[in-house]
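> Next up is a structure, given as structure tokens.
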Amino acid sequence: MLEAIATEPINNQSVLYETDFYAWTQEQAELLQLGKLNALDIANLVEEIRSLGKQQKQELRNRLGVLIGHLLKWEYQPDFRSKSWRVTIREQRRRIKEHLLENPSLKSYLNQAILEAFQDGIDLVLKETPLDEKDLPQECPYSIEQIFDSTFPSGIK
Numbered sequence: 002m003l004e005a006i007a008t009e010p011i012n013n014q015s016v017l018y019e020t021d022f023y024a025w026t027q028e029q030a031e032l033l034q035l036g037k038l039n040a041l042d043i044a045n046l047v048e049e050i051r052s053l054g055k056q057q058k059q060e061l062r063n064r065l066g067v068l069i070g071h072l073l074k075w076e077y078q079p080d081f082r083s084k085s086w087r088v089t090i091r092e093q094r095r096r097i098k099e100h101l102l103e104n105p106s107l108k109s110y111l112n113q114a115i116l117e118a119f120q121d122g123i124d125l126v127l128k129e130t131p132l133d134e135k136d137l138p139q140e141c142p143y144s145i146e147q148i149f150d151s152t153f154p155s156g157i158k
């Protein structure tokens, strides 16, 4: 089957990309492994590789949004603090640290990711609490150090 694939015109591989993505990925991997670089669907490979990088940035932002949202809930709704919120804060901190260890170049994106994730955190608070947007900060009140400090905010331990 691979021999047939390797001799197919590239536009046929592009069709496969559109109609059976999984089969396309397996064929591209096999072509790479065999060193048949001229047979690769370069345009779509480039798109997919870039997409993988974007997914890593998006995961960081999503986790920061959940973390910031829970830090805000903890701070702005002290009477409703729960074990669940504490565990979510701890889990997101751990997973973000792991993600940054696996993708160290994302550390240069961290400040921007926090700025972008802040609104996601606000949206989470607005969805899950009776708080109004006017009751919440307009900018992220937490430094990077606070976001990752396991003893912040007070009472979290």
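Reading the sequence shown from the start, the letters are residues 2 to 158 in this note's numbering. Where is the CB? At the ideal position from N, CA and C, for every residue including glycine.
Tell me the rounded alpha-carbon separation between Glu134 and Gln78.
Roughly 14 Å separates the two Cα atoms.
> I'd like the list of long-range same chain contacts for Arg96, defined as Cβ closer than 7 Å, with 5 residues on each side in sequence excluded.
Excluding positions up to five away in sequence, the list reads Arg64.
> Determine the direct distance from the alpha carbon of Leu46 to that of Gly36, and round the result to whole angstroms.
Rounded to the nearest angstrom, the two C-alpha atoms are 15 Å apart.
> Less than 6 Å between C-beta atoms, sequence neighbours within five positions excluded: which residues of the same chain meet that for Arg62?
Ala114, Glu117, Ala118, listed in sequence order.
> Is Ala98 near Trp86, with beta carbons less than 9 Å apart?
Before going further, note that residue 98 is Lys rather than Ala in the sequence given. Not a contact, by the Cβ cut-off of 9 Å.
> Quick check for students: name the residue ranges of the alpha helix (DSSP H) that lie wholly in the stretch 20 to 97, counting only runs of 4 or more.
As far as the stretch 20 to 97 is concerned, its whole alpha helix (DSSP H) runs of at least 4 residues are 22 to 34, 43 to 77.
> Is it buried or exposed, Glu28, if we count other Cβ atoms within 10 angstroms and call 16 or more buried?
It is buried - the Cβ of Glu28 has at least 16 other Cβ atoms within 10 Å.
> In angstroms, rounded to a whole number, what distance separates the CA positions of Leu32 and Arg82?
The straight-line gap from Cα to Cα measures roughly 54 Å.
> Below 9 Å between beta carbons: does that hold for Tyr143 and Leu72?
Yes; because the gap between Cβ atoms is below 9 Å, this pair is in contact.
> In or out: Leu107 buried (at least 16 other Cβ within 10 Å) or exposed?
When all chains shown are included, Leu107 counts as buried.
> If we ignore side chains and look at the alpha-carbon of each, how far apart do Ile6 and Ile50 end up?
Confidence at Ile6 is low in this model, with a pLDDT of 48, below 50, so the placement of that residue should be treated as unreliable; the coordinate-derived value is given next. Rounded to the nearest angstrom, the two C-alpha atoms are 21 Å apart.
> On the criterion of 16 or more Cβ atoms from any shown chain inside 10 Å, does Val88 qualify as buried, or is it exposed?
Per the 10 Å Cβ criterion, exposed.
> Can you tell me whether Gly70 is buried or exposed? The criterion is at least 16 other CB atoms within 10 Å of its CB, across all chains shown.
So Gly70 counts as buried.
> May I ask you to report which of helix, strand or coil DSSP gives Lys128?
Looking at Lys128 - three-state DSSP - the assignment turns out to be helix.
> Between which two residues does the alpha helix (DSSP H) carrying Gln139 extend?
Per DSSP, Gln139 belongs to no alpha helix (DSSP H) and is neither H nor E.
> For Gln147, which residues in the same chain have their Cβ closer than 6 Å to its Cβ, ignoring the five residues on either side in sequence?
Contacts found: Phe153.
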